[in-house]
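K.L.:
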Amino acid sequence: MAITGKAGAWGILLRSEIDPDTVQSVKERIDLFGGHEDIDVFQRLDSPRAFVSLLVLHELAHLQNDWPQAKENDCDAWAFERLPFSENL
Ligand SMILES: [Zn+2]
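Just add 3 to wherever you are in the sequence shown, counting from 1, and you've got this note's numbering.
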């Protein structure tokens, strides 16, 4: 969840646990609406580190672009495009 404090500072809150069904639904949404036909989304987000990175970038998309919750697919696409390609993720 993206939050903005009274002084305008940005914050990102993440759940301490994310169940497998939620992980799967996020991956499916990105696969369906992310516009990345040339990339295997499920393989790209296979590690917990890559998935959490995507979640943080997704919330940053809300903050940086001032996008409301209704723009979930846009936030996913924005985040996926900025996910670093690294063997360490
Ligand atoms: Zn969102």
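Beta carbons: idealized from backbone N, C-alpha and C, even for Gly.
Taking 8 Å as the cut-off, does the stretch 20–27 touch the stretch 64–83 (at least 3 CB pairs, one atom from each stretch)?
P.N.:
no
K.L.:
Pull the bridge partners of A5 from the DSSP assignment, please.
P.N.:
I15
K.L.:
Three-state secondary structure (DSSP) at I33?
P.N.:
Under the three-state reduction of DSSP, I33 is assigned to helix.
K.L.:
For F54, which residues of its own chain have a beta-carbon under 7 Å away from its beta-carbon, when the five flanking residues on both sides are left out?
P.N.:
V26 and L48
K.L.:
Could you tell me the distance, in whole angstroms, from the CA atom of L86 to the CA atom of E75?
P.N.:
Between L86 and E75, the C-alpha separation is close to 16 Å.
K.L.:
Nearest to F83 by CA position, among M4, L16, I15 and V29, is which residue?
P.N.:
Put simply, of M4, L16, I15 and V29 the residue whose alpha carbon is nearest the alpha carbon of F83 is V29.
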